[in-house]
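Take the position in the sequence shown, starting the count at 1, then add 461; the result is the number in my numbering.
For glycine and all other residues, C-beta sits at the position ideal for the given N, C-alpha and C.
As structure tokens, the structure follows; a few thoughts come after it.
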Amino acid sequence: MTDAPEGATERSWPLWEVFVRGKRGLSHVHVGSLHAPDAEMALRNARDVYTRRQEGVSIWVVKADDVTASSPSEKDSFFDPAGDKIYRHPTFYDVPEDVEYL
462 MTDAPEGATE
472 RSWPLWEVFV
482 RGKRGLSHVH
492 VGSLHAPDAE
502 MALRNARDVY
512 TRRQEGVSIW
522 VVKADDVTAS
532 SPSEKDSFFD
542 PAGDKIYRHP
552 TFYDVPEDVE
562 YL
């Protein structure tokens, strides 16, 4: 575990986004955010805060500044290009009768 740089306060620590994969889950889910001086401390704090009941099997921490996201207000123009690609829709394909669970 590393110590915070001299003179650093919790307010100056970067914000980390925390993702946890549960015992029964197949993917990591965003569970919250926390401040920590570095990735190792963020991981340890995330473990203590977000998996107190031992429900997680894996934790990811990502600096909030490193996350790039689309804007919900631009969803129509952002996702519009996929609408004209009919091959991406299941109705484009003929499914044989002997294929189950598709």
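Residues in its own chain within less than 7 Å of residue i by CB, not counting five upstream and five downstream?
i: residue 541; result: none
i: residue 538; result: none
i: residue 497; result: 474, 477, 503 and 506
i: residue 571; result: Only positions 462 to 563 of the chain appear in the structure, and residue 571 is not among them; the question remains open.
Would you kindly check if the distance between the Cβ of residue j and the Cβ of residue i is under 8 Å?
i: residue 523; j: residue 477; result: yes
i: residue 528; j: residue 507; result: no
i: residue 483; j: residue 516; result: yes
Taking residue i and residue j to be in contact with their CB atoms under 8 Å, please state how far apart those CB atoms are, rounded to whole angstroms.
i: residue 489; j: residue 519; result: 7 Å
i: residue 495; j: residue 510; result: 6 Å
Counting only the same chain and skipping the five closest in sequence on each side, list residues whose C-beta sits under 6 Å from that of residue i.
i: residue 491; result: 480
i: residue 558; result: none
Among residues of its own chain, excluding the 5 on either side of residue i, which ones have a beta-carbon nearer than 8 Å to its beta-carbon?
i: residue 526; result: 475 and 476
Beta strand (DSSP E) runs wholly inside the stretch 470 to 535, at least 3 long, in chain order
Whole beta strand (DSSP E) segments, 3+ residues: 476 to 483, 490 to 496 and 517 to 524.
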